[in-house]
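Residue numbers (our numbering): 19 to 295.
Remarks on the structure that follows.
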């Protein structure tokens with residue numbers, strides 16, 4: 019049952035989170051185009067919107083939140099220079115990248131690109147240069163998932179290109195709450211854009227979530243994702259109607275429908291609570 023999973027989660031993150039009364043009515047939700055969704059009050063753990071939130075599905079680049087946590091937990095030198103190599107190219111989907119092979123950048127900047135721009139080569143390089151290599155990094159990802167109680171979650175790579183990277187919306191809410199404890203993740207994932215130097219070239223990378231550039235939104239953490247099997251995905255921590263909430267939107271069918279769903283949730287909460295964000 020999705021409600022029982024929610025109660026387990028609240029127990030897991032008991033610090034400051036209140037249990038739900040068993041008699042709480044099921045929340046009325048707006049109509050969403052995302053196939054799977056969950057919106058939680060971050061302060062209380064109350065479920066505000068649920069839609070197939072207990073089904074494990076591919077999560078694409080939402081994976082990079084776990085990549086970031088594992089990397090930061092390792093306390094590797096953020097200033098160490100990494101080189102993007104041909105090993106970091108996408109051999110599974112042959113997706114394009116604006117980060118050329120041969121680019122040298124600090125580990126910290128690679129993490130910034132992975133979170134802000136969802137840069138797959140940067141994320142792969144972070145895993146490849148982890149002590150023990152890529153396989154050890156993926157093992158650490160799955161170990162952290164187990165430690166967080168993410169029973170429906172599994173990782174095969176640090177990028178999210180594999181459709182075997184799966185999670186439930188409830189698990190992603192737990193992951194999002196855990197990631198929110200890392201200042202670097204909050205900062206890097208919500209910057210509107212960044213620019214890097216590759217040789218003599220300056221390359222600009224915009225944030226993949228257009229809402230971070232929208233003055234009507236107050237977003238504390240953000241990550242997007244897309245592969246064909248996952249559809250368009252979005253997770254955020256945001257202030258909606260003066261309340262901190264966690265928003266998980268998975269398998270949204272249209273190019274902009276995840277943003278539309280986020281705005282529908284925002285409007286619904288403002289109408290429901292009578293407050294502007």
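All C-beta atoms, glycine included, are put in the ideal place defined by N, C-alpha and C.
Query, Result
"Pairwise C-alpha distance: residue 55 and residue 69", "5 angstroms"
"One or two residues paired with residue 159 in a DSSP bridge", "None; residue 159 has no bridge partner."
"Extent of the continuous beta strand (DSSP E) run through residue 220", "219-224"
"Residue environment, residue 44, which counts as buried when at least 16 other CB atoms sit within 10 Å", "The predicted model places residue 44 with a pLDDT of 42, which falls under 50 and marks its position as unreliable; any figure quoted below should be read in that light. Counting Cβ neighbours within 10 Å, residue 44 comes out exposed, since fewer than 16 surround it."
"Assumed close pair residue 134, residue 225 - CB separation to whole angstroms, cut-off 8 angstroms", "5 angstroms"
"Alpha-carbon spacing of residue 92 relative to residue 159, whole angstroms", "11 angstroms"
"Residue burial classification, residue 273 (beta-carbon count within 10 angstroms, cutoff 16)", "exposed"
"Option in 228, 248, 114, 247 with minimal Cα separation from residue 254", "228"
"Unbroken beta strand (DSSP E) run spanning residue 99, endpoints", "99-101"
"The stretch 198-218 in contact with the stretch 177-185 per 3-pair CB rule at 8 angstroms", "no"
"Range covered by the alpha helix (DSSP H) that runs through residue 77", "Run containing residue 77: none; DSSP gives neither H nor E here."
"Under the three-state DSSP convention, the category residue 213 falls into", "strand"
"Three-state secondary structure (DSSP) of residue 201", "helix"
"Residue 52, enclosing beta strand (DSSP E) - first and last residue", "52-59"
"Spatial distance of residue 50 from residue 149 (CA atoms)", "42 angstroms"
"Simplified DSSP state of residue 65, which is helix, strand or coil", "strand"
"Euclidean distance between Cα positions of residue 204 and residue 257", "14 angstroms"
"Reference residue 163, options 86, 262, 119, closest by Cα", "86"
"Status (buried if at least 16 other CB within 10 Å, exposed otherwise) for residue 180", "buried"
"Span separating the alpha-carbon of residue 147 from that of residue 175", "13 angstroms"
"Same chain, Cβ closer than 7 angstroms to residue 140, neighbours up to 5 away in sequence not counted", "117, 128, 131, 132"
"Simplified DSSP state of residue 119, which is helix, strand or coil", "coil"
"For residue 125 and residue 245, the rounded distance between their alpha carbons", "25 angstroms"
"Residue 267 versus residue 110: straight-line alpha-carbon distance, rounded", "25 angstroms"
"Close beta carbons around residue 53, own chain, < 6 angstroms, minus the five adjacent residues each side", "269"
"Test item: CB-CB of residue 349 and residue 62 under 8 angstroms", "Limits of the chain in this structure are 19 at one end and 295 at the other, which puts residue 349 out of reach."
"Start-to-end residues for the alpha helix (DSSP H) that takes in residue 106", "No alpha helix (DSSP H) holds residue 106; DSSP gives it neither H nor E."
"Minimum Cβ-Cβ distance from residue 95 to chain C less than 8 angstroms", "Included in the structure is just one protein chain, with no chain C present."
"Identity of the residue in 287, 208, 83 nearest residue 173 by Cα", "83"
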